[in-house]
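Each residue of the sequence shown is one higher than the one before, starting from 311 at the first, in this note's numbering. Structure, as structure tokens:
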Amino acid sequence: MKVQLYKFTEDKNKTLTFRWTKKHFEFCMDNKIFLNHKGKKSYKERNLFLFSKGDKITIEDNVIAEEYSTMPVKNFSSVGAFSFPTCHFSGNIRIGRFCSIASNVKIMGGNHPLNRFTTHMMTYNGEFDKFAMSEFERSWTLKPFITKPENPIIGNDVWIGNDVVLKGGIAIGDGAV
Numbered sequence: 311m312k313v314q315l316y317k318f319t320e321d322k323n324k325t326l327t328f329r330w331t332k333k334h335f336e337f338c339m340d341n342k343i344f345l346n347h348k349g350k351k352s353y354k355e356r357n358l359f360l361f362s363k364g365d366k367i368t369i370e371d372n373v374i375a376e377e378y379s380t381m382p383v384k385n386f387s388s389v390g391a392f393s394f395p396t397c398h399f400s401g402n403i404r405i406g407r408f409c410s411i412a413s414n415v416k417i418m419g420g421n422h423p424l425n426r427f428t429t430h431m432m433t434y435n436g437e438f439d440k441f442a443m444s445e446f447e448r449s450w451t452l453k454p455f456i457t458k459p460e461n462p463i464i465g466n467d468v469w470i471g472n473d474v475v476l477k478g479g480i481a482i483g484d485g486a487v
């Protein structure tokens, strides 16, 4: 069974922020959404240590969790059944079913343009244009560039080992190691 944790109907770029309470804990327990992967421990023990009463929680739009999924550390993401990320991801990462994601897995920071004469931010950051004008009385045309990539999409039955750095915007196919 899939559980839609939060869905905006007007603007898909919104988030929900709230304070963690016992009702949120009970919702996760009732829907078999794990908050901490502890191996052979009981279900209730899995959920005790991730959030404390009063913690500020933010959920991005369109987060869907399947029964028996484990959320990334201190985050809610779209996670398939029997997957357990033991690392912290920020934002809504899409993770398929039966995935094993080790600790300290991170998503690489901002992008740089690869199809320009330089990968330096001077081609898209207005601060460099201002600097060139004030120092050299020269200016150039800035080209827009989105530096923050989309979150990766992780397929089904994927194993990602410890200390891996993922590039933003990639899709990891089913069965990848």
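Quick reminder that beta carbons are idealized off the backbone N, C-alpha and C, glycines included. Please read these numbers as outputs of a predicted model, since none were measured by experiment.
What does the alpha-carbon distance come out to for the pair residue i and residue j?
i	j	result
residue 340	residue 334	10 Å
residue 418	residue 475	6 Å
residue 467	residue 480	16 Å
residue 445	residue 416	38 Å
residue 429	residue 423	5 Å
residue 440	residue 426	20 Å
residue 469	residue 326	30 Å
residue 486	residue 451	42 Å
residue 414	residue 478	16 Å
residue 434	residue 454	6 Å
residue 431	residue 399	26 Å
residue 397	residue 473	10 Å
residue 463	residue 390	12 Å
residue 324	residue 483	28 Å
residue 367	residue 376	19 Å
Hey, quick one: how far does the beta strand (DSSP E) through residue i stretch, first residue to last?
i	result
residue 376	373 to 376
Mind checking who residue i pairs with in its DSSP beta bridge?
i	result
residue 366	329
residue 410	394 and 469
residue 416	475
residue 464	405 and 482
residue 344	380
residue 389	375 and 405
residue 312	376
Less than 6 Å between C-beta atoms, sequence neighbours within five positions excluded: which residues of the same chain meet that for residue i?
i	result
residue 364	329
residue 471	412
Kindly list the residues whose CB is nearer than 8 Å to the CB of residue i, restricted to its own chain and excluding five residues on each side of it in sequence; keep chain order.
i	result
residue 448	442
residue 393	379, 380, 405, 406, 407, 408, 409, 410 and 411
residue 436	452
Ordered along the chain, which non-local residues of its own chain (more than five positions away) have a Cβ less than 7 Å from that of residue i?
i	result
residue 457	420 and 421
Along the alpha helix (DSSP H) that carries residue i, what are the first and last residues, could you check?
i	result
residue 436	436 to 446
- Would you call the stretch 375 to 387 and the stretch 402 to 418 touching, i.e. three or more CB-CB distances under 8 Å? yes
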